[in-house]
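**Q** I have a structure here, written as structure tokens, and I will follow up with some questions on it.
Number of protein chains: 2
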Amino acid sequence: MTRRDDATALPAMEGRGFYNRNSAMQAAGIAVLAPLWDRACRTVAVDEAPLVVVDYAASQGRNSMAPMRAAIETLRARTRPDRPIEIVHTDLPSNDFASLFRALEEDPASYRSGLDGIYISAIGRSYFEQLLPDGRATLGWNTWSMQWLSEGVGGAADHALAGMTADPALAAAVRARQAADWRRFLAVRARELRRGGRLLTAYTARAEAEAGWEWLLGSLWEAILDLGRDGLLTAEEQRRLTIPIGLRTLAEIEAPFKAGDVRGLTLEHAELVRVPDPFRADFDRTGDARLFAQRHADTTRAWSGPALAGLLGPRDDNGAVIDALFARLAGRLAAAPQTHEPTLAVVLLRRD
Amino acid sequence: MTRRDDATALPAMEGRGFYNRNSAMQAAGIAVLAPLWDRACRTVAVDEAPLVVVDYAASQGRNSMAPMRAAIETLRARTRPDRPIEIVHTDLPSNDFASLFRALEEDPASYRSGLDGIYISAIGRSYFEQLLPDGRATLGWNTWSMQWLSEGVGGAADHALAGMTADPALAAAVRARQAADWRRFLAVRARELRRGGRLLTAYTARAEAEAGWEWLLGSLWEAILDLGRDGLLTAEEQRRLTIPIGLRTLAEIEAPFKAGDVRGLTLEHAELVRVPDPFRADFDRTGDARLFAQRHADTTRAWSGPALAGLLGPRDDNGAVIDALFARLAGRLAAAPQTHEPTLAVVLLRRD
Numbered sequence: 001m002t003r004r005d006d007a008t009a010l011p012a013m014e015g016r017g018f019y020n021r022n023s024a025m026q027a028a029g030i031a032v033l034a035p036l037w038d039r040a041c042r043t044v045a046v047d048e049a050p051l052v053v054v055d056y057a058a059s060q061g062r063n064s065m066a067p068m069r070a071a072i073e074t075l076r077a078r079t080r081p082d083r084p085i086e087i088v089h090t091d092l093p094s095n096d097f098a099s100l101f102r103a104l105e106e107d108p109a110s111y112r113s114g115l116d117g118i119y120i121s122a123i124g125r126s127y128f129e130q131l132l133p134d135g136r137a138t139l140g141w142n143t144w145s146m147q148w149l150s151e152g153v154g155g156a157a158d159h160a161l162a163g164m165t166a167d168p169a170l171a172a173a174v175r176a177r178q179a180a181d182w183r184r185f186l187a188v189r190a191r192e193l194r195r196g197g198r199l200l201t202a203y204t205a206r207a208e209a210e211a212g213w214e215w216l217l218g219s220l221w222e223a224i225l226d227l228g229r230d231g232l233l234t235a236e237e238q239r240r241l242t243i244p245i246g247l248r249t250l251a252e253i254e255a256p257f258k259a260g261d262v263r264g265l266t267l268e269h270a271e272l273v274r275v276p277d278p279f280r281a282d283f284d285r286t287g288d289a290r291l292f293a294q295r296h297a298d299t300t301r302a303w304s305g306p307a308l309a310g311l312l313g314p315r316d317d318n319g320a321v322i323d324a325l326f327a328r329l330a331g332r333l334a335a336a337p338q339t340h341e342p343t344l345a346v347v348l349l350r351r352d
Numbered sequence: 001m002t003r004r005d006d007a008t009a010l011p012a013m014e015g016r017g018f019y020n021r022n023s024a025m026q027a028a029g030i031a032v033l034a035p036l037w038d039r040a041c042r043t044v045a046v047d048e049a050p051l052v053v054v055d056y057a058a059s060q061g062r063n064s065m066a067p068m069r070a071a072i073e074t075l076r077a078r079t080r081p082d083r084p085i086e087i088v089h090t091d092l093p094s095n096d097f098a099s100l101f102r103a104l105e106e107d108p109a110s111y112r113s114g115l116d117g118i119y120i121s122a123i124g125r126s127y128f129e130q131l132l133p134d135g136r137a138t139l140g141w142n143t144w145s146m147q148w149l150s151e152g153v154g155g156a157a158d159h160a161l162a163g164m165t166a167d168p169a170l171a172a173a174v175r176a177r178q179a180a181d182w183r184r185f186l187a188v189r190a191r192e193l194r195r196g197g198r199l200l201t202a203y204t205a206r207a208e209a210e211a212g213w214e215w216l217l218g219s220l221w222e223a224i225l226d227l228g229r230d231g232l233l234t235a236e237e238q239r240r241l242t243i244p245i246g247l248r249t250l251a252e253i254e255a256p257f258k259a260g261d262v263r264g265l266t267l268e269h270a271e272l273v274r275v276p277d278p279f280r281a282d283f284d285r286t287g288d289a290r291l292f293a294q295r296h297a298d299t300t301r302a303w304s305g306p307a308l309a310g311l312l313g314p315r316d317d318n319g320a321v322i323d324a325l326f327a328r329l330a331g332r333l334a335a336a337p338q339t340h341e342p343t344l345a346v347v348l349l350r351r352d
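These protein sequence lines map, in sequence, to chains A and B. Residue numbering for the first sequence follows this note's numbering, beginning at 1 and increasing consecutively. Residue numbering for the second sequence follows this note's numbering, beginning at 1 and increasing consecutively.
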């Protein structure tokens, strides 16, 4: 759950490297994807046309380093070691591109480090638009973003996450928005990908029974209620603090393909997996519930903090309220630690 | 004089839109270039290969809007109205790309406004590196940047601008650095441009007799000395405040071509012009010397402020000193207003 794709509203992620430093959950999810990404890189059509790898929703880039490096190595092994490769990172206009470019230049983990012939660019525009000319992209990579609704559908009086409300009308609005977003995303990617191209997209989703977010975001909702009881948030503000994220089921992901509505793309692979908790092993070893909770709270803040600050709106003490909210969250998580293993939808598409 | 191309050091331009709001001088220079840019757009080779226009050293983008729009219109008139066109804005990693992307999305003056099929990206890397694969660029546009040295050559004890020092050793170091930078810039552009491509580059330079910066930057040096007399700057700090900009002569610009050292590029056009003072007409009408001076001081700060702040180094009152410096500059300019008409070198290159 890393970002929000409403170009009209909020900063996508916490800036100044905070997100980069607090995205271990996302990194764990990306590790899960490595075999499927390798398959995409090995099977994608390559010829003398420029090789262009697109990293959709790159954020500050940290979690893009390993998959981009893997793509470069596999594509060069399949063609020639000095084959020029273009990498395009996309995100919202408000994204912290300066951190991304700096990391690419300076970070020893940069996928360009030590390599020649790698040409990197960025596109600051919502991926619900066509971002590249027809047929330009060889490979696409997109993780932890497509759970964000393209626009909000209103506040929930019973949860911090739009996709986890029990309100039938709101839940239906979330489903409708997500279905439309998914079709739009697929339609523009189908134009951008060249024939034989591959797109891997992975985002948090839900098994029928559970989402995997019950502990973390249930606690976030409880923290919001805490602040309400303390007089820090009005009832209206508590309602407004609804992160515009939905959780698709596998059936919802497959639906447009089964309906024959996705021209040019074939669903090669779609499954739900559980992402391992990156902080659990340390916790089991040390028993330090406070540290375990703080790490989860920081990770949650890194992807949701700017969205919540925007939803809270222009209060003079906006920053202090968000600080208080995540302090409460950390306290609640420490008091009742559980394993956080969110559900991830893993989807590989082929351009026909 | 808009930017600095040392990726290791300073922010290139004042951020948060200050540069966009205070770049009328640069805009005036760009207006001077319109006929030559039109010639480049009309004569560049076009076929079915992707049309890619590269805006080197884009800063926050404001001064790129008109030339990019002109290129789109001319290229589409020469091919077809819906021809896809890619625009690539490059600048240092530290550049304020968020302002650039926002302006492209939201500013009514955005060259994309009302158009389909325009694909925009950004590259955050020094243009002394090869930024695009071989032969990818159709047209290149670069203004007000190549006067910046790729790295500093030390402080001057007699001027605020490295290129205007009377110290023979320092002046020689500036000339050597600028000669090497120019050759490097041309070499990597020659790789990026496709055959028949065109590159327009324009930067402030010097006629043999004068540079056109005597009043403005002479006053800046006097303002530095003022702060020294007031005890705000040590002698060492005064020396250190040397903007790493040089001013090439026409002969220096032509030298590598005459020597046959520029493989693949032909010098189609090179001349020196004077850029009209954008604030002079208002001043003549109103007689408001204070406003006239403030506008010139703000314009100067927009391109030089971050560089000077970096050169001053980590003082707790760094921001206050820079404020004081530009207040002094405004005072001096108001006390003795003159017309500011800097010399601009205008260069058009053809890729053979």
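Even glycine gets a Cβ: it sits at the ideal position worked out from N, Cα and C.
1) Give the interface partners of glycine 124 (chain A) over in chain B, defined as CB-CB distance under 9 Å, in chain order.
2) Taking 8 Å as the threshold (beta carbon to beta carbon), is proline 84 (chain B) in contact with chain A?
3) Do the CB positions of tyrosine 119 (chain B) and glutamate 73 (chain B) come within less than 8 Å of each other?
4) Report yes or no: is there a C-beta of chain A within less than 8 Å of the C-beta of proline 342 (chain B)?
5) Using 8 Å as the threshold, is the segment 16 to 36 of chain A in touch with the segment 99 to 108 of chain B, meaning 3 or more CB pairs across them?
6) Please list, in chain order, the chain A residues whose beta carbon lies closer than 7 Å to that of tyrosine 133 (chain B).
7) Could you check where the beta strand (DSSP E) with glutamate 139 (chain A) kicks off and where it finishes?
8) What residues match up with serine 121 (chain A) in a beta bridge as DSSP calls it?
9) Starting from alanine 345 (chain B) and walking both ways along the beta strand (DSSP E), at which residues does that stretch end?
10) For arginine 229 (chain B), which residues from the same chain have a beta carbon less than 6 Å from its beta carbon, with the 5 sequence-adjacent residues on both sides left out?
11) CB-CB under 7 Å to threonine 165 (chain A), same chain, minus the five flanking residues each way: which ones, in chain order?
12) Can you pull the chain A neighbours of proline 93 (chain B), defined as C-beta to C-beta under 7 Å?
13) Look at the Cβ atom of alanine 70 (chain A), then the Cβ atom of leucine 100 (chain A), and state whether they are nearer than 8 Å.
14) Do you know how far the Cα of leucine 149 (chain B) is from the Cα of glutamate 210 (chain B)?
15) For the beta strand (DSSP E) containing glycine 196 (chain A), name the first residue and the last one.
16) Do valine 188 (chain A) and phenylalanine 128 (chain A) have their C-beta atoms closer together than 8 Å?
17) Decide if glycine 246 (chain B) is buried, meaning its Cβ has at least 16 other Cβ atoms within 10 Å, or exposed.
18) Would a C-beta distance cut-off of 8 Å place threonine 143 (chain B) and arginine 206 (chain B) closer than the cut-off?
19) How about serine 121 (chain A) and valine 88 (chain B): do their beta carbons lie closer than 8 Å?
20) May I ask you to report which of helix, strand or coil DSSP gives alanine 309 (chain A)?
21) For the alpha helix (DSSP H) holding alanine 66 (chain A), just list the boundary residues, first then last.
22) Whose CA, out of A:Ala190, A:Arg350, A:Val46, A:Leu161, lies closest to the CA of leucine 131 (chain A)?
23) May I have the straight-line CA-CA distance separating leucine 233 (chain B) from isoleucine 224 (chain B), to the nearest angstrom?
24) Below 8 Å CB to CB, which residues in the same chain sit around alanine 255 (chain A) once its five sequence neighbours on both sides are set aside?
25) Given a cut-off of 8 Å on the beta-carbon distance, is the pair phenylalanine 185 (chain A) and methionine 146 (chain A) in contact?
26) Since threonine 266 (chain A) is in the beta strand (DSSP E), which residue starts that stretch and which ends it?
27) So, are the CB atoms of threonine 204 (chain B) and threonine 343 (chain B) less than 8 Å apart?
28) From the DSSP output, read off the bridge partner residues of aspartate 55 (chain A).
29) Under a Cβ-count criterion, where at least 16 other Cβ atoms within 10 Å of its own Cβ denotes burial, should threonine 266 (chain A) be classed as buried or exposed?
30) I need the boundaries of the alpha helix (DSSP H) containing alanine 103 (chain B), first residue and last residue.
31) According to the neighbour-count rule (16 or more other Cβ atoms, all chains shown, within 10 Å of its Cβ), is aspartate 323 (chain B) buried or exposed?
32) What do you reckon, is the C-beta of aspartate 96 (chain B) under 7 Å from a heavy atom of the ligand ZN?
33) Below 8 Å, how does it come out for the segment 328 to 338 of chain A and the segment 286 to 298 of chain A: are there three or more Cβ pairs, yes or no?
34) Could you give the C-beta distance for glutamine 44 (chain B) and alanine 202 (chain B), rounded to a whole number, given that I count them as a contact under 8 Å?
**A** This is what the structure holds:
1) Translated into positions along the first sequence, residue 124 (chain A) becomes position 124. Phe97, Ala98, Leu100, Phe101, Arg102, Leu104, Glu105, Ile120, Ser121, Ala122, listed in chain order.
2) Residue numbering aside, residue 84 (chain B) sits at position 84 when the second sequence is read from its first letter. Proline 84 (chain B) counts as touching chain A.
3) Numbered from 1 along the second sequence, position 119 holds the residue referred to as residue 119 (chain B). Numbered from 1 along the second sequence, position 73 holds the residue referred to as residue 73 (chain B). Cβ distance not < 8 Å, so tyrosine 119 (chain B) and glutamate 73 (chain B) don't count as in contact.
4) Within the second sequence, residue 342 (chain B) is the residue found at index 342, counting from 1. No, proline 342 (chain B) does not count as interfacial toward chain A.
5) no
6) What you label residue 133 (chain B) is simply residue 133 of the second sequence in a count that begins at 1. The residue you asked about is not tyrosine; residue 133 (chain B) is proline in the sequence shown. Counting only Cβ-Cβ distances below 7 Å, proline 133 (chain B) has contacts in chain A at Pro50, Pro84, Glu86, Tyr119, in chain order.
7) Locating residue 139 (chain A) in the first sequence gives position 139, where the first residue counts as 1. Residue 139 (chain A) is actually leucine in this sequence, not glutamate. 137 to 143 is the span of the beta strand (DSSP E), which, as asked, contains leucine 139 (chain A).
8) Looking up residue 121 (chain A) in the first sequence gives position 121. Answer is A:Val88, bridged to serine 121 (chain A).
9) Mapped onto the second sequence, residue 345 (chain B) falls at position 345. Run containing alanine 345 (chain B): 343 to 351, per the beta strand (DSSP E) assignment.
10) Your numbering for residue 229 (chain B) matches position 229 in the second sequence. Excluding residues within five positions, none has a Cβ falling inside 6 Å.
11) On the first sequence, residue 165 (chain A) is found 165 positions in, with the first residue counted as 1. Once the five neighbours on either side are set aside, the close Cβ partners of threonine 165 (chain A) are Ala156, Asp158, His159, Ala171.
12) The sequence position of residue 93 (chain B) within the second sequence is 93, counting from 1. Those within 7 Å of proline 93 (chain B) in chain A are Ala98, Phe101, Arg102, Glu105.
13) Position 70 of the first sequence, counted from the first residue, corresponds to residue 70 (chain A). Position 100 of the first sequence, counted from the first residue, corresponds to residue 100 (chain A). Contact: no.
14) Working through the second sequence from its first residue, we reach residue 210 (chain B) at position 210. Working through the second sequence from its first residue, we reach residue 149 (chain B) at position 149. Using only the alpha carbons, I get a separation of about 20 Å.
15) For the purposes of this step, residue 196 (chain A) is identified with residue 196 of the first sequence, where counting begins at 1. Run containing glycine 196 (chain A): 193 to 204, per the beta strand (DSSP E) assignment.
16) The residue you call residue 188 (chain A) lines up with position 188 of the first sequence. The residue you call residue 128 (chain A) lines up with position 128 of the first sequence. Yes; because the gap between Cβ atoms is below 8 Å, this pair is in contact.
17) Here residue 246 (chain B) refers to the residue found at position 246 of the second sequence. When all chains shown are included, glycine 246 (chain B) counts as buried.
18) The residue given as residue 143 (chain B) occupies position 143 in the second sequence. The residue given as residue 206 (chain B) occupies position 206 in the second sequence. Contact: no.
19) To locate residue 121 (chain A), count along the first sequence from 1; it is residue 121. To locate residue 88 (chain B), count along the second sequence from 1; it is residue 88. For serine 121 (chain A) and valine 88 (chain B), yes; Cβs fall inside 8 Å.
20) Here residue 309 (chain A) refers to the residue found at position 309 when the first sequence is read from its first residue. Alanine 309 (chain A) falls in the helix class under three-state DSSP.
21) On the first sequence, position 66 is the one that residue 66 (chain A) refers to. From DSSP, the alpha helix (DSSP H) with alanine 66 (chain A) extends over 65 to 78.
22) Indexing the first sequence from 1 puts residue 131 (chain A) at position 131. Ranking A:Ala190, A:Arg350, A:Val46, A:Leu161 by Cα distance to leucine 131 (chain A) puts A:Ala190 first.
23) Residue mapping note: residue 233 (chain B) aligns to position 233 of the second sequence, counting from 1. Residue mapping note: residue 224 (chain B) aligns to position 224 of the second sequence, counting from 1. The alpha-carbon atoms of leucine 233 (chain B) and isoleucine 224 (chain B) are separated by roughly 8 Å.
24) What you label residue 255 (chain A) is simply residue 255 of the first sequence in a count that begins at 1. These residues qualify, in order along the chain: Ala179.
25) The residue you call residue 185 (chain A) lines up with position 185 of the first sequence. The residue you call residue 146 (chain A) lines up with position 146 of the first sequence. Closer than 8 Å, so yes.
26) Sequence index remark: in the first sequence, residue 266 (chain A) carries index 266 (1-based). Segment 265 to 274, the beta strand (DSSP E) holding threonine 266 (chain A).
27) Counted from its first residue, the second sequence places residue 204 (chain B) at position 204. Counted from its first residue, the second sequence places residue 343 (chain B) at position 343. For threonine 204 (chain B) and threonine 343 (chain B), yes; Cβs fall inside 8 Å.
28) If you number the first sequence from 1, residue 55 (chain A) lands on position 55. Beta-bridge pairing links aspartate 55 (chain A) to A:His89, A:Trp141.
29) Residue mapping note: residue 266 (chain A) aligns to position 266 of the first sequence, counting from 1. Result: exposed.
30) Against the second sequence, residue 103 (chain B) aligns to sequence position 103. Looking at the DSSP string, the run of the alpha helix (DSSP H) that includes alanine 103 (chain B) is 97 to 106.
31) The residue labelled residue 323 (chain B) in the question sits at position 323 within the second sequence. By the neighbour-count rule (16 or more Cβ atoms within 10 Å), aspartate 323 (chain B) is not buried but exposed.
32) Only the bare structure without any ligand can be found here, which leaves the ligand ZN out of the picture.
33) yes
34) Taking the first residue of the second sequence as 1, we reach residue 44 (chain B) at position 44. Taking the first residue of the second sequence as 1, we reach residue 202 (chain B) at position 202. According to the sequence displayed, residue 44 (chain B) carries valine and not glutamine. 17 Å between Cβ atoms; not a contact.
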